[in-house]
Structure formats: structure tokens, C-alpha cells
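Note that this note's numbering has the sequence shown beginning at 42, numbered continuously upward.
Remarks on the structure that follows.
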Amino acid sequence: MKENKSMVRGSLAVIGGGYGGLCSAVMASASGFDVTVFERQDKTLKKLAITGNGRCNISNQKIDISDYVTGDVHSLEKILSAFSSEKENAFFRELGLILRADESRLYPITGKASSVTDALRYKCNESGVTFICDADVTEVVKKGSKFEIRLRDGSFEHFFDRCILSCGGAAGVYKENANNGYDIAKKAGHTVKPVYPALTKVICSSGEQKELKKLDGIRSRAAVSLFEGSDKFIALESGEVQFTATGLSGIPVFDLTRYMDAHGAGHYYVSVDLLPGFSDEDFLERTELFSKRTPETFFTGLLLPQFIPVICDRCGISIHKNIADMTYNELDSLKSVLHDLRFTVDKTGDMANAQISAGGVPLSEVDEHMGSKIVKGLYIIGEMLDVAGRCGGYNLHFAATGAYNAVEGMKNDAENR
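In C-alpha cells form, the structure reads like this:
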């Protein structure tokens, strides 16, 4: 990241003081740009400070195109490939951050998000980055070769050579109001795909909430499949599922919400496989071994007891009926529900409680350096784009990747002038 700053390459306005914005500021400043960050809140990095319950899962050792949902896989593949793990590690070293891995998830070694926020702010201050907080930007206007930054209070800062939009998405505690970033992009001529909450819980139909109340508080490892309409398979995720009085939560469910766009209630359903490794042969063997048991004891050692009455109710079978007395169809029904416990999605959690928002500016409207194909010198990065990563540091990685690519694009442009 170290470069010779003896010659200033031009001025840069960064709109948004989140993780992607400050990564952009650090990288651009190191590359010879005079950087000013505009932040709507009273200080930068507010959302990052509470990421991962304050632990800040900043990236992941295993980044793959399959970890993201987007409308343009080919473009995303190019973007991700530019910022290798070696380059990312070098950036963290420049910040003074030491990371540790929990499985493949990367955290600051202190276990505190404040280590990341402090490191980024300090590096920005050390590099001479200017911060303008409480600055609610409403429009970025290209006038000749310069960008004018217009604020809601009617004031403006002007004469920036380049501009990065890093306004984040519409999700989170500090984004109760609609994010201006999408409006800024629209005013600049970009389209914005419908934005919806993602990495959030699922609320099931009211008719299913009676049985969900019996499962409230249970956590169980399972495989969860998402279907659209009556039978169109969308995706499968595995991990610990949390059952609540009104629906489902947990990382597998969170990851599936990235696919649930703004359709009405009943458009999607989820199928929970409570025993993904339990085969038909295993079930048959168990029926022969425990033929004199009722479901209440037949499932002992396999399932938590709270599931048993729910499964029996779904099958229309008495919980007190012996396995030996069940018909073939009844046994087949029990076996099927074990692997296909269905819940209709009424809606997902709201924006205020979602980790990210999905949708946004299509990747087809930016180049591989995140440069706008509509306004030269304008760059768009991070959650503003139609890219939604799974839980595990993937979205912060995408924000840093966008920052790196944008700065590389600006350097190339400055050198070719």
C-alpha cells in the first residue's frame, strides 16, 4: 500500500464514512490523492463498531463467488479476483491490525471491533484525510471535469476530481431512514434494483405460529432449503437453526433471506431437514429395533423432545401409537416430515434489524474498477451495489475489495491523463 506521495494525483470525495469509505480513504491517500470523507452521522464507522456483536468479523479466509448473491456473476468474479488474500493481509498490516481465524472467519486479535475502527481512523488522520461529519449529502453533480457535492442544508463543497459513493445499504440500527446513497446514484443516472432486508430472520405464517410456540427457543443443527412458489428450489444452507415463537432464525436462515426479494406473503417456503445425515435405511433399521416404542421414545437420542408432538401432528399420528401398529403410509409420513418440515414465509425481519440490504445498483453499471459507466470519475462500492454476501465477513470483504479496485482504477486514470 505504501507509495510515493510526492505528487498529488488529484482530489477525491468519499461519500460515506463506513468501512468501505475509510478503506477507500486510506488506500487513496497512500496513493497520492487528497481525500475528503463526508459522513451523515456525527462520527464515522458507527455500524462497524457493533458488527458481529462488537467482535467485528472483518473478512474470511475462504472467499468464493458462490458466497455471494448477485445479478451479474461474471462481473463479480472479476472484481473479487483483483483483491487477493495477500493484498488484503498487506492492507491490514499497514493498518497495524493483527487478525485471528475462528474456523475461516477473521477477527481482530483483540476480539473488539474498536480495534478496527481505531486503526482505520488513526491511519486516516495520520494520512491527512479530511472528515466532514453531520454532512447529509443529497446529490453529486458533475460540472465539467469536477464533482460538486451538495448537502441537504443547501451548502456544497466543490472542485473534487473524483468521487466514491460508499453510502452503505438501508439496513441496520443507524439506517432507520431510507439511505440517501441510492437517491444519489439515481440522480447520477444509475438504476437501482428493489432493495430489501437480508441476513435477517424469517417470520412464518400465523397458522404455523401455534406449533412454533412449542419450539420457541430451540436450537438445532439442520439443513434448510428455500423454495419459491410451490416447488421451485432456490438454495440450501446448513448449520444451527433457531426456532422462535414467530419463525426461524440462525445463520442458515439469514443466508437464505438474500434470495427473498420483495414478494408478498406466501411466495416462499422453507423446508427444514432435521436429520440430514439420517438415511431411509437408518430409519428402517430403527423401526425394526424399536418397534414396540411410541414416537415419544422412538425418537429419543435423535431429536429434541419438543419436535416430536409437532412432527406427529403434521403426520396426523397419535404420539402414543406403537411403531409396530403404524401403517406403511404412516411410517413413510414420519420419515418424510423428519426431512421436510415446511414453514411458509410470511415476511422477513425489517430493515432496522437486518445485517445488510440486498438489491441496489446493478454490477452491469460499473466496470471492473467500480467506475460508473454513466459518469466518468464516479465510483460505487460496497452494499450500494447489487451484491449480497453470506454471514461470515463476506460483505466487509466486498467493501474493502471495492475500495481497492476503485483506487486502482483512479490511479490508472490519473496516470493516463
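Where is the CB? At the ideal position from N, CA and C, for every residue including glycine.
Beta-ladder partner(s) of residue i, from DSSP
i: Pro346; result: Note: Pro346 sits in no beta bridge, so no partner.
i: Glu127; result: Paired residues: none, contrary to the question.
i: Glu198; result: Ile190
i: Asn453; result: Answer by DSSP bridge pairing: none, since Asn453 is not bridged.
i: Val428; result: Thr111
i: Phe384; result: Val311
i: Leu375; result: Paired residues: none, contrary to the question.
i: Val178; result: Leu192
i: Leu419; result: Cys204
i: Pro149; result: Leu140
i: Asn101; result: Arg146
i: Ile173; result: Phe79
i: Val157; result: Answer by DSSP bridge pairing: none, since Val157 is not bridged.
i: Lys88; result: Partner(s): none; Lys88 has no beta bridge.
i: Val407; result: Ser413
Neighbour-count burial assignment, residue i, 16 or more Cβ in a 10 Å radius
i: Ala164; result: Reading off the sequence, residue 164 comes out as Lys, not Ala. When all chains shown are included, Lys164 counts as buried.
i: Val49; result: exposed
i: Pro336; result: buried
i: Cys174; result: exposed
i: Glu329; result: exposed
i: Gly79; result: Looking at the sequence provided, one finds Phe at residue 79 rather than Gly. By the neighbour-count rule (16 or more Cβ atoms within 10 Å), Phe79 is buried.
i: Asp108; result: buried
i: Ile397; result: buried
i: Leu256; result: buried
i: Ala154; result: buried
i: Ile56; result: buried
i: Asn457; result: exposed
i: Glu217; result: In this prediction, Glu217 scores a pLDDT of 48, lower than 50, which makes its location untrustworthy; the coordinate-derived value is nonetheless stated afterwards. It is exposed - the Cβ of Glu217 has fewer than 16 other Cβ atoms within 10 Å.
i: Ala286; result: exposed
i: Phe295; result: buried
i: Gly59; result: buried
i: Ile360; result: exposed
i: Tyr223; result: buried
i: Asp177; result: exposed
i: Ile139; result: exposed
i: Ala263; result: buried
i: Asp272; result: exposed
i: Ala365; result: exposed
i: His115; result: exposed
Any C-beta of chain B under 8 Å from that of residue i
i: Phe188; result: Any reference to chain B falls outside this structure, which holds one protein chain only.
Close Cβ partners of residue i (< 7 Å) along its chain, the five nearest in sequence each way excluded
i: Ser290; result: Lys242 and Gln283
i: Ala444; result: Gly61, Cys64, Ser65, Met68 and Ile422
i: Lys388; result: Ile244 and Ala306
i: Asp391; result: Pro238
i: Asp454; result: none
i: Arg146; result: Asn98, Asn101, Gly433 and Gly434
i: Gly137; result: Ala160
i: Gly152; result: Arg96
DSSP-derived helix/strand/coil call for residue i
i: Ala142; result: strand
i: Ala399; result: strand
i: Thr328; result: helix
i: Ser359; result: coil
i: Asp94; result: In the sequence on display, residue 94 carries Asn and not Asp. In the structure shown, Asn94 sits in coil (DSSP, three-state: anything other than H, G, I, E or B).
i: Phe79; result: strand
i: Arg162; result: helix
i: Phe133; result: helix
i: Ile74; result: One detail in the question is off: residue 74 reads as Phe in this sequence, not Ile. It is a strand residue.
i: Leu121; result: helix
i: Glu167; result: helix
i: Val55; result: strand
i: Gly412; result: strand
i: Lys333; result: coil
i: Lys228; result: helix
i: Thr389; result: strand
i: Val502; result: Residue numbering for the chain in the displayed model covers 42 to 458; residue 502 lies beyond these limits and cannot be assessed.
i: Val460; result: Given a span of 42 to 458 for the chain in the structure shown, any question on residue 460 remains unanswerable.
Own chain residues within Cβ distance below 8 Å of residue i, not counting five before or after
i: Phe197; result: Glu189, Ile190 and Arg191
i: Asp427; result: Thr111, Gly112, Asp113, Lys234, Ala399, Gly400, Gly401, Val402, Pro403 and Leu404
i: Asn363; result: Ser332, Lys333, Arg334 and Thr335
Close beta carbons around residue i, own chain, < 6 Å, minus the five adjacent residues each side
i: Ser70; result: Val76, Ser168 and Val170
i: Met301; result: Tyr309 and Thr389
i: Gly412; result: Tyr420 and Gly450
i: Ala441; result: Cys64
i: Val182; result: Glu189
i: Ser156; result: Pro149
i: His380; result: Asp314
i: Gly280; result: Ile292 and Pro293
i: Cys86; result: Checking the sequence, you will find Leu at residue 86 rather than Cys. Correct list, in chain order: Thr158.
TODO: Quick one: which unbroken beta strand (DSSP E) runs of 3-plus residues sit fully inside the region 238-322? Chain order, please.
DONE: Here the runs fully enclosed are 243-245, 260-269, 273-284, 288-290 and 309-314.
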